[in-house]
Each structure stands twice: as C-alpha cells, then as structure tokens.
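J.: Chains as they are written, first to last, in my numbering: chain A, 1 to 336; chain B, 337 to 672; chain C, 673 to 1008; chain D, 1009 to 1344. Every residue, glycine too, gets a C-beta built ideally from N, C-alpha and C. After the structure tokens below, expect a handful of questions from me.
4 protein chains.
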Amino acid sequence: MIIQLEDKIKPNDRNNVIEVIEALGYKVTEVKTQRCNYLIGIGKREFDIRKLGNQAGILDIHRVSDDYKLVSKKWKVKNTVIDLGDEVYIGNGELAVMTGPCSIEGEEQIKKTIDHLVENGIKIMRGGVYKPRSSPYSFRGLGIDGLKLWYEYARSKGIKIVTEVMQVSQIEPMLPYTDIFQVGARNTQNFNLLDELGKVDKAVMIKRGISGTIDELLHSAEYVFSAGNEKLILCERGIRTYEKASRNTLDLNAVPILKEKTHLPIVVDPSHGIGIRNHVAPMALAGIMAGADGIIYETHEKPEEAYSDGQQTLDFKESAALNKKMKEAYQLVSNW
Amino acid sequence: MIIQLEDKIKPNDRNNVIEVIEALGYKVTEVKTQRCNYLIGIGKREFDIRKLGNQAGILDIHRVSDDYKLVSKKWKVKNTVIDLGDEVYIGNGELAVMTGPCSIEGEEQIKKTIDHLVENGIKIMRGGVYKPRSSPYSFRGLGIDGLKLWYEYARSKGIKIVTEVMQVSQIEPMLPYTDIFQVGARNTQNFNLLDELGKVDKAVMIKRGISGTIDELLHSAEYVFSAGNEKLILCERGIRTYEKASRNTLDLNAVPILKEKTHLPIVVDPSHGIGIRNHVAPMALAGIMAGADGIIYETHEKPEEAYSDGQQTLDFKESAALNKKMKEAYQLVSNW
Amino acid sequence: MIIQLEDKIKPNDRNNVIEVIEALGYKVTEVKTQRCNYLIGIGKREFDIRKLGNQAGILDIHRVSDDYKLVSKKWKVKNTVIDLGDEVYIGNGELAVMTGPCSIEGEEQIKKTIDHLVENGIKIMRGGVYKPRSSPYSFRGLGIDGLKLWYEYARSKGIKIVTEVMQVSQIEPMLPYTDIFQVGARNTQNFNLLDELGKVDKAVMIKRGISGTIDELLHSAEYVFSAGNEKLILCERGIRTYEKASRNTLDLNAVPILKEKTHLPIVVDPSHGIGIRNHVAPMALAGIMAGADGIIYETHEKPEEAYSDGQQTLDFKESAALNKKMKEAYQLVSNW
Amino acid sequence: MIIQLEDKIKPNDRNNVIEVIEALGYKVTEVKTQRCNYLIGIGKREFDIRKLGNQAGILDIHRVSDDYKLVSKKWKVKNTVIDLGDEVYIGNGELAVMTGPCSIEGEEQIKKTIDHLVENGIKIMRGGVYKPRSSPYSFRGLGIDGLKLWYEYARSKGIKIVTEVMQVSQIEPMLPYTDIFQVGARNTQNFNLLDELGKVDKAVMIKRGISGTIDELLHSAEYVFSAGNEKLILCERGIRTYEKASRNTLDLNAVPILKEKTHLPIVVDPSHGIGIRNHVAPMALAGIMAGADGIIYETHEKPEEAYSDGQQTLDFKESAALNKKMKEAYQLVSNW
C-alpha cells in the first residue's frame, strides 16, 4: 500500500495516519523523495480503505499487489520522465541516445568523442572512470581526475554524463560532475550503494545483474526510490547463459515486460548485450522495436586501439549511421 | 573441404577424386542433394589445392574452417532462397510470414484461419497435428486426418503448410500434405529424424533446441543437408534460462550471428520466444530488426478458447495489425 | 487418480468403473503393465471416494496430487526394484555399478572390459553401439553387429548390458541383446521413443535432458510407465549451465529430490557429469552420499586411445580403486 | 610471475628487482601480506629466468600460467591452513564445521545455539547481523549491537564467529568481533569491498557469486590476496540455473576443480545449495566426498520460527546427527 501525503501535512496528522496503518497490522516505511512524501505499508490484511481515506493530510492511497511498490505501474500509470536539465530528457517520447567509450582515456579522446556527439545531435555521453575488472591487475580507470576533465569539456558543449559508480565513498566526489550515476551489473544488488544513491538528487541508471531477474531489478530500483530518489532508469544489458557465441544473451523480452510492470524508463545496451561490433547495430534497432526508451552503446574513434571493449565498440562512422537509423526505427514504433 | 562435382561426372573420375582426397588423409562423405553432388572431406592436413583442382569432374573446391561445412557461409556466400512453389519463397528479400494456431482443431477453425491469412496476404499457415506434450495424458493432436483436412482447404486457397514432424514413421504419410516439415525444439538433436528428412524433397525448418547452442543448430542443419536436402530454414524460438518472467528467453543475438555464419534463411518465433500475448508483437518487430528473414507466430480466432498456447496467441485483429507493421519494419531494415 | 484393477476383472466391471470415473468429469487412460492393470483418471473435481470404492474389480484407489501419477511416490511408497535376472538388481539396497567404455570398439576391447568387471564383481556393462553425435561426420558406432558380439561375451560371463537406443526402429533388433535400454539426454523428450519403450519387457534407463528439469524427467518416465513398462530407472548426468570449467554441471540436488518424489531407482553418471577424468571418482562418491542407488561411469583399458570420451574415462586401475571405495561409501550412507 | 622477496630485502635491492622485471616488459604489482612480500609480474614475454634469479633479496621465483597468480596452486603446492587461534583451524586435515542460524535474533537464541555447538564439538558459529535482502522492506539484521552481544557469549565458550560483511564502512566496527568475514554471493565481485578486506588481518570467506564462474571466484580471491590478506577461504553455495525444484543448483563439481586450481581451503554450503531442509544432510555429505575442507549449514532451535531461511534450517537434533555422520564421511574420504 502506498499512501501519498500532502506536502504540508502536520506532524500530528502524519503520526495519526501511521498509527492507523500500524493498527491494521501493516509495517510502515516513511519515504521522502524529491517529489513527494509517501508512507509504504507492508502487510496483507484486508481492510476498509475508507478507514484511511478520511484521515487528514492524505493525498491519495494506492493498493499495490506487487512486492515492489513505488516503482510499480500499478499506482503510477504515467511514465516517469527523467529531466537532466538543458532540455535533455529520458522517457519523454523521444529516443534517448547515450554513447561514448568504454573507458575514459584522456583529453584527446574526450574531445573527439564529444565532437562526434555534437555532430550527431546526441546529448548524453557514456564512459567509465572507475572500471570494475575481474582481475586486480587490469586497468581500473582514470578515477575522479578523469571525470573532472571530462566534465569540463562536456559542459562546454552541453553534453550530459553517465558514468559508473562502484562504491559509496565515490558518490560524494563524483556528485558535481555526474548527471547519471550508473550502477553496474555486478552491483545491482549492492544494497548499501543503492541506499546511498537514494539520498542524492541525480538520476541513477541501474543495470540488470549479470544473472539478475527482472524482479530483482525492480526490487533494486525500489531500494533507491524508497531511500528518496525517484530519478531512476533501468537498463537491460544481457544476461549470462550457457550460450557462448555472444558475450551475453541480450534479453529483449525484458523490455516489454518491464514497460508493463514499471513506470520507469528502460534503456537497452546492445554493446554488452551481444559483445560483437558487427552486430551491435541490429541489436540496437531490435531494442527500440521491443519498446526501449533509450539506447546506450560504445563508440570510439579507433575501436581497435581502445583500452577496453574494443571488440564491441563502433567507430564514429558506424555510430553516425546507427544513430540515423535508430531515429527512423523509433519513429516507426511510436506510430504503432 | 567441400568439393562440388560436375553433374555428369564419370564414375571413374569420381572414384579417382575420392582416392586422391583419402590419400591426403581426409575422411570422405559423399553427398547428393536436389541441387548438386558434393564430396565432404574431413581432415586437417595442409596440402596443395592444385593436386585436386586438375582432377576431371570437379566443379569447384572450397576450404571451410568451420566444423559444419555445407551450411557454412564460408563456401556459399549467396543466401539460400527456399522456393515453396506458386511464387511463395523464404529468404528472397521479402518478409516471410507464417501464422496459424498452435494446434489444428477442426474444419471450422481451419477455414477461418485461412480466410484470415488470405485477407492479409499471408501465404504460409502454421499448425500442429502431432503435438509433443510433456505429459502423456495431454491432447496430442488430430494426426494425419487433421493434416489431410487442412491440406484440402489450404491448397484451394494457395496457402502453404508448415507443421511439426515428430518421428521418422510420420514422414512418409505426411509428405504429400506438407510444404515445410518443422523439427521441434525437443527434436533438434534427434539425429535419426534429421537423417531421414535429408532424403525428402520438401523444405525443413529446424527449431533451435530448448537449450541448444547456435553451433548445435548449425550442426543439426548439416545433418539434413549432408543427407541430401538443401531446403533448410533455421528458427530461433527462445532458450531456457533462469528467468521465469517469460516462457523462454528469446535470443535475438542468434539472428545476426546465424546470418553471418550460414547462408540459410532465419525465422524468429516470438510466440514461444516470450510466451505472453501482449508482448508478441514488439518481439516480432525486434526479430525483424535483428535481421530475420521470416516470422512465425500463433494466431487464433478466439485465443482464450484455443486447445493449447492460448496465452501467447494473437486474435485475428492483432494479427492483421502486426502483419502490417512488420512489413514497414522489414522495409526500414532492408534499406539499411 | 490411480485405480489398480484386479487381474481378472470382468470386462463388464471394468466398463462400469470407467463409466463412473468419466461421469465424475475425469479423463481416463487405461494402462496395462507387466505387473498390473491401472486406470489413470485426470481431472480435478472433488468427489466421495466411496462412490468408487465399492465398485467390483477394484484393488485399490490412490489420489495423486502430482501431475505425473504412476511414477509418483505418493501412491507407491515402496521403492521399485529392477530385477535384471541372474540375481542382478537395481534399487535393492546394494549399490548398482555400471561401467564400460563410451563406445564399443571391438572384440578385444569387449573382452578386456568384461574381464575387468568380473574381477571387480561388477555386474552391468555400459557401452554405446549407436552414438548420438552432433556432427554427421563423426563415428556413429558399430551398430547392431557390435551389440551382438558384445552380448555373446557378456552373457558367457553373466554380465548385463546397458546401451543407448536412439530411435524406434532400433528397439526390435536390439531387444534380444539388451538388458537396459538407455534413453540419452538428447532423447529424454523424444515422446515416440518413450511410447515404444513402454511396450517392451526390458528395463529402461532415462537420462535427464541436457537442460531438462526434474519435473520433465518424471513426466518422461510417466510416458514409458503409462505405455506399459514399469521397469524404469532415472539417471542424473549433469545439466547445461553457464559454467564451462566442467563439461556439464552435475546436479546432485536432483538425487534427494527425485528420491522423495518417485519410487524409481536413481543412478548418477559422474563421467558426463563433470567430464574430467581426475574428478570422476570424488563425484561418484558424492553421488552415493546424495542418495543414488547406482553409479554409471566410463572405463577403458587405455583411456587415451578410446574412440570417444577419453578425457573423462578411468583406466582399469582407477576403476577398481573407485569401485572399492564406492562400496564403503554406500555402506556408510546405508547405516544412516 | 610471482617473486617472493626476502623479509629484510634492502630498498635498493627491491628497486633493482622491479627495474629488471619492468625492463622485461612486465607490469609489476607489489604485494605485502601477513606472511610475505611478493612482486607480481603481469606480462607474456619469454625470458631467461636466471636474469632474475641472481638478483639480491629474492627468495624464490614462480612462473604461473593462470590469470590469477597468488591463489594458484601452480606456485604454492601445499594447501593453505587458516589458523583462527585457540587451535581452531580450517584446511588442516580435519573437517571444519560452521553452523548457526541465518540471522542472529537475540540473546536467548545465541546462547542456545552456542550450547548446541559446544555439546557437539563444533568450533565455528555462523549467523548474520547484516542481511542482504532483495526487498528494502525486509528485516535487515540486528547490526553491530547484535554482533557484540554474540561475540561476548561466543568468546566465553571458545567459539569463533563467521558473519557477513556487506560494505566497506562495516569492516572497522566489525573487526574486533569477527573471526571470519564472509563475503556474500551478491558481493563476490564488489571489488572495493575485496580490496579493503585485503587490508585486515582476519580470515575472509568468499562465497561464489549467484551465477559466478569458478574462474571469477579465484579472481575475487586474488583481489584480497594481492591487497595483503592471505587468510582466504572459498565457498561453493549453489549457482542460479533454470532448475527451480531447488533454491540453487549446488555445483559440487566446483569442489575438486577448485582443489586442483588453488591452495585455498574450500567450504560447501548445502543449506543455500539446495534450500530444502530434508535434503541438507545428504548434500553436506556429498560435499565432503567431493573434497570439501569444511561445511557451513544453518541450524536453529526451532527452524519454523526462524526470522529467515527456516525452510532450509536444521533443528539441533538433525544438526547433531549430521555432525556425527559428517565426521565418518570425512574419515572415509581422507583414507582414500
């Protein structure tokens, strides 16, 4: 059960509402986000909703049968639009495109990539400065200094930044330079990180776990939302299966299923989803047809020289062509 | 190594060629299909290809590094087109659509479905008369009589038939009434069935195994081809994974990967691939974007009354709308 | 619902019983096995069991809530013992050991293997004469002649034979020379093969599908049982997962779960289950601890020269040592 | 390449060694653990090992072809023994048993569990005070206060504590009260957490990821070791597969494979591995046969009243019986 409270509800009224819900046998969690105050009631007993409805200070009451509550479409039918400022949106009825290299490598690379984005009307740049690597001896990214450098150039051209945060202690230093905090596939169930990202007023994009279920992804989003942050995006990036002809198995089924279950925007990552450069473009288009609100893919001036993920990275020419085609595809599916 | 022989090669020349290849340490399999005679040489020793090239009766020689040979794109760059007669093709640059019910249920249902196909310009009807069922107590299909009835109406309207064959003994009785023999996901590695289907002059569509790899699917096709039948179609229909929010995980990655590896046409089955009626249409469109030559999906006048698979079956109105949209999508991707 | 009928029930009484059950809204399947006559009623309506109980000709009535019926432990609490003749049993409270090569290769190999079995008190020899191979160009086994040769030597030493049957047409020729028909992992859901194996009076061992569920394995057994053959054994041989450090993932969880669900004996195949020679022995012992009634593993005089599966095959010395240790392990778990 | 340095190597000699290695084209990581100083060289160029061998200050040089280095058995053939103090060991040739509840619930429960351990000669108690929960609305554990309470009773009875740490900030407060830090299956690739655990002088037990590979588990251990902590234990706890008859698929194949690849002790968790109370005991025994150095399982005075995981928790009577049987099984396999 989700109870939306009036903004200026009196403390006394608030306590009264909580008392009534608890008396019904519900466990109450108080949630305050950028947008609204909520009470989440977890319980199963049937009751007469009018008992609650006439309490002072209540805006609205929603019964939600899903285990996740705040991210469910059952109470919020209208899709969430993420506003990144400067008229850059995700989920507003236009295709959101995010591209850039796997790793931020240096000034030259940043500049060239941003030029490519600007030329093609792309507003959001991806890139890693903290890289999760399975071996401790691999390149782990340029860190905060790389991010600052990147931010400087990006802002000067009106480009927004999406980049991965790996741990709680990185949030604060990254905050001024990040538009979208990306939670990587290995951290989808790093609940402490999710809790802390609930406290910032920046967008958060949660990637599906390496073998995460759709349901777990929604619960991870519920962590962030219930900790106070409604600016959430979910990302399908492929799951781990027995099939080894592709890096991951891009589960595009997840797109229409998520669109039915949640009001949050859905982004597809075909680069990690298939892991083969030649096949990134068709999978990006397939993602759009499946219903994605946005596509995130890897591009680099010279993929064969990229520090990481070169095998699944488009060059700028391929990226430009894909970008054009994606718009046509999005157009086609929007008229449906 | 694939050696294409001249049609009228003299028996003596043929034996000479075989002798030379075997002398090179290769194991030889003789293949005679509807289209051509081949010798397949399996071995690894390097040799001077001119030793072979000047033998009498040889049309062409191809080295193929893949484990599968005849279905590989490495020797046959031009895509295979399946000609079903009456100007019905698969893989000829137009989208091939196959639709119909899960199970053939009776005359009334056959007629209504065929009317639906004719109205929408669809040329191939799917339907099961032999149903593989995990429980022995479930409905197992109308059998050969159902097929005959279906064939009568289909032919009168110029509609082609794709239907599942479950065992060797069914092939002969089904032969006159079947245009495409479908090998189901549980039979992808029923090698005896594949061997026998290699001996008929009808198209064969092999579905990917329930947890079959892309490589295994190609090897299964190699069975049919090397037994004499080149009229092959491959079908992605979803794989089994840990994710239970959908019936299967439709692995659209398989489409561009298969298109790169083989010259055979690829069909996508979004009905089994996601298993949720509301989401069949977006996944069909996604399949087209991924590069499919055809789409097979389930439709029924009244899905809720279908003998089987009603939960993933479109009604005729949904089917007509999807059919129209699929053509636009195929158009968009063809211009790419 | 399972209704056991009296052996000499009068046709009239039989018809009366069927009529009553059908009147209750149940679909009836008549089953006649080597041991008993049954009626299987599939339906859900609640009814007063006394309505049935006083019908003439009924031995017993069992409600079975599982979807599979005859293989369920819910009606037959006592475990099934397979009697292969000559005092060779499976499931009788002693560990059943089956060993031998992957493929039967010839007289010499047969003799030496049988000598090894005799020396170690092993009564059942495994070996393939029909080999399912993913490539059509691989060795497919010695066929029926190999089986006859093998049978001759085996019988002279009192050894029983377990070997794979791949298709319906092989059953009849194999019948006189086979003690246990093995259904391979690729044929677990070859329902026509299962149906036909229901008609023979020989034991049948069904391997779990390559990615088959425990539930599907039980349903496959139900096919054979309901077609008339109670002499059934189930075999866990590893499933396909993302993990590639082993050939398959031996799912020993399946052993206690199956033992709880069915009265049929359970055999574990550690050779295919892990696919690494050095690790076959510990996994065999683990299988026994998990509750297996028998172990099937591959052995060969010279594993490195075996036609197939050499990488997972024990030599005779390793086999002898394992065999001894397995008996100790079985002893330990039997006293539990 | 691993270079073990002399304890009192002169700074100058150390720099010389590093210079030589880097000159060979190797990237050097300096590692200082509780036990030794190492240099890890990552590179591929072949070189004459004598060029290094005669440098001052070098104890030993090992080439290690695995991607992970310090945890590999290729350089350290003798198995690692974890010494927890008070003569409690893991990996010393006796079975290490860890048991206790899923969640620490309070004083009464702690006392009773410790009594049960003492009575049965079990030295290590498991229990969670920080609980990773997929829903933010679930019970998340008693936290540090629960740990302190637990520690007080445990120490008074000589019992060691293994408990999960979920994030970096918990390490310091937990340190005085924890004998083994457990890294849970959702944190196996939380690289920052692993880095930090490399800095403490307490044992760390890393659970395999929910769908983690064996290789990833070894790399995660390499993180901790290369950050300075050699006191490492690996735990197989089941992986996620398509099979839903059990909570997870306990991959006992991993045990002999890990024992061959690494010198670290291996523990098996049958409670999470199968998730069904009745079947925990056979899977524990199976784990021992597979080669485990220890078993961790859940026990509770009244499993049906446990805050969490009751369905897979043994009561004290079952636990005592299992403990006795495990010793016999370990004995049997040790004599092998």
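Determine the extent of the alpha helix (DSSP H) in which C/Tyr-710 is found, giving its start and end residues.
T.: Run containing C/Tyr-710: none in the alpha helix (DSSP H); it sits in the beta strand (DSSP E), 709-714.
J.: Pick out whichever of C/Trp-822, C/Gln-839, C/Met-838 has its Cα sitting closest to the Cα of C/Lys-832.
T.: Cα-wise, what sits closest to C/Lys-832 is C/Trp-822.
J.: Between C/His-972 and C/Pro-804, how many whole angstroms is the CB-CB distance? I'm expecting something under 8 Å.
T.: Wrong, their Cβ atoms sit about 19 Å apart, outside the cutoff.
J.: For a contact meaning CB atoms closer than 7 Å, what does C/Arg-912 contact in chain A?
T.: By Cβ distance, chain A contributes Tyr-242.
J.: Using a C-beta to C-beta distance shorter than 9 Å, which residues of chain C count as neighbours of B/Phe-527?
T.: Near B/Phe-527 (Cβ distances below 9 Å), the residues of chain C are Pro-804, Arg-805, Ser-806, Pro-808, Arg-812, Met-838, Gln-839, Arg-858.
J.: Can you give me the C-alpha to C-alpha distance between D/Asp-1032 and D/Gly-1065, rounded to a whole angstrom?
T.: Note that residue 1032 of chain D is Leu in the sequence shown, not Asp. Between D/Leu-1032 and D/Gly-1065, the C-alpha separation is close to 18 Å.
J.: Using a threshold of 8 Å, state whether the C-beta atoms of C/Ser-744 and C/Val-736 are closer than that.
T.: Yes. Within cutoff.
J.: Using the beta-carbon count (16 or more within 10 Å), is A/Pro-11 buried or exposed?
T.: Classification for A/Pro-11: exposed.
J.: Straight-line CA distance for C/Lys-784 to C/Gln-839?
T.: Each residue's Cα considered, the two are about 29 Å apart.
J.: Helix, strand or coil for D/Met-1174? Go by DSSP, reduced to three states.
T.: Correct three-state label for D/Met-1174: coil.
J.: Take C/Gly-884 and list the residues in its own chain whose beta-carbon comes closer than 6 Å to its own, dropping the five residues that flank it on each side.
T.: The answer, listed in chain order, is Thr-860.
J.: Looking only at its chain, what residues have a beta carbon closer than 7 Å to the beta carbon of C/Asp-867, apart from the 5 residues adjacent to it on each side?
T.: If we look at C/Asp-867 and ignore the five residues flanking it on each side, its Cβ neighbours are Tyr-895, Ala-899.
J.: Chain B beta carbons: is any one of them nearer than 8 Å to that of A/Lys-325?
T.: Yes, its Cβ sits closer than 8 Å to a Cβ of chain B.
J.: What number of angstroms, rounded off, separates the C-alpha of D/Leu-1240 from the C-alpha of D/Asp-1277?
T.: Approximately 16 Å, taken between the alpha carbons.
J.: Taking 8 Å as the CB-CB limit, is D/His-1227 close to chain A?
T.: Closer than 8 Å: yes.
J.: For the alpha helix (DSSP H) containing B/Ala-557, name the first residue and the last one.
T.: Counting along the chain, the alpha helix (DSSP H) containing B/Ala-557 begins and ends at 550-562.
J.: Might you give, ordered along the chain, the residues of its own chain that have their beta carbon closer than 7 Å to the beta carbon of D/Ser-1254, omitting 5 neighbours on each side?
T.: Contacts found: Ile-1282, Gly-1283, Ile-1284.
J.: So, A/Ile-104 versus A/Gly-127, is the Cβ gap smaller than 8 Å?
T.: Cβ atoms of A/Ile-104 and A/Gly-127: closer than 8 Å.
J.: Can you find a C-beta in chain D that's less than 8 Å from the C-beta of C/Asp-887?
T.: Answer yes: the Cβ-Cβ gap between C/Asp-887 and chain D drops below 8 Å somewhere.
J.: Could you tell me whether any Cβ in chain D is nearer than 8 Å to the Cβ of A/Asp-67?
T.: Chain D, which has a Cβ nearer than 8 Å to the Cβ of A/Asp-67, makes this yes.
J.: Can you tell me the Cα-Cα spacing of B/Tyr-370 and B/Ile-345, whole angstroms?
T.: Note that residue 370 of chain B corresponds to Gln in the displayed sequence, not to Tyr. Approximately 16 Å, taken between the alpha carbons.
J.: For a contact defined as C-beta to C-beta under 9 Å, what are the partners of D/Ser-1219 on chain C?
T.: In chain order: Thr-913, Tyr-914, Glu-915.
J.: If you run the structure through DSSP and keep just helix, strand and coil, what is C/Lys-832?
T.: Note: C/Lys-832 maps to strand in three-state DSSP.
J.: Mind checking if C/Trp-1008 is an interface residue toward chain D, Cβ cutoff 8 Å exclusive?
T.: Closer than 8 Å to some Cβ of chain D, the Cβ of C/Trp-1008 qualifies, so yes.
J.: Just checking: is the beta-carbon of D/Val-1275 within a distance shorter than 8 Å of some beta-carbon in chain C?
T.: Output row for D/Val-1275: interface = no.
J.: Could you tell me whether any Cβ in chain B is nearer than 8 Å to the Cβ of A/Ser-246?
T.: Judged by the 8 Å Cβ criterion, A/Ser-246 is in contact with chain B.
J.: Which whole runs of the alpha helix (DSSP H) in the stretch 692-758 of chain C are 4 residues long or more, in chain order?
T.: Runs found: 722-725.
J.: Determine the extent of the beta strand (DSSP E) in which D/Ile-1188 is found, giving its start and end residues.
T.: Residues 1188-1191.
J.: Counting contacts by CB-CB distance shorter than 8 Å, is A/His-279 in contact with chain B?
T.: Output row for A/His-279: interface = yes.
J.: For B/Ile-593, decide whether its Cβ has a neighbour in chain A, counting only Cβ atoms nearer than 8 Å.
T.: At least one chain A Cβ lies under 8 Å of B/Ile-593.
J.: Express the C-alpha separation of C/Arg-812 and B/Gly-574 in angstroms, rounding to a whole number.
T.: About 30 Å.
J.: Using the beta-carbon of each residue, which ones in chain D are nearer than 8 Å to A/Ile-288?
T.: Chain D residues near A/Ile-288: none, gap ~28 Å exceeds 8 Å.
J.: I need the straight-line Cα distance from A/Gly-198 to B/Lys-580, nearest angstrom please.
T.: Their Cα atoms are separated by approximately 28 Å.
J.: Give the DSSP-derived three-state secondary structure of D/Thr-1307 in the structure shown.
T.: Three-state DSSP puts D/Thr-1307 in a strand.
J.: How long is the line joining the alpha carbons of D/Cys-1243 and D/Lys-1210, rounded to whole angstroms?
T.: Whole-angstrom Cα-Cα distance: 17 Å.
J.: Where does D/Gly-1302 sit, in a helix, a strand or coil, going by DSSP?
T.: Of the three classes helix, strand and coil, the one that applies to D/Gly-1302 here is strand, per DSSP.
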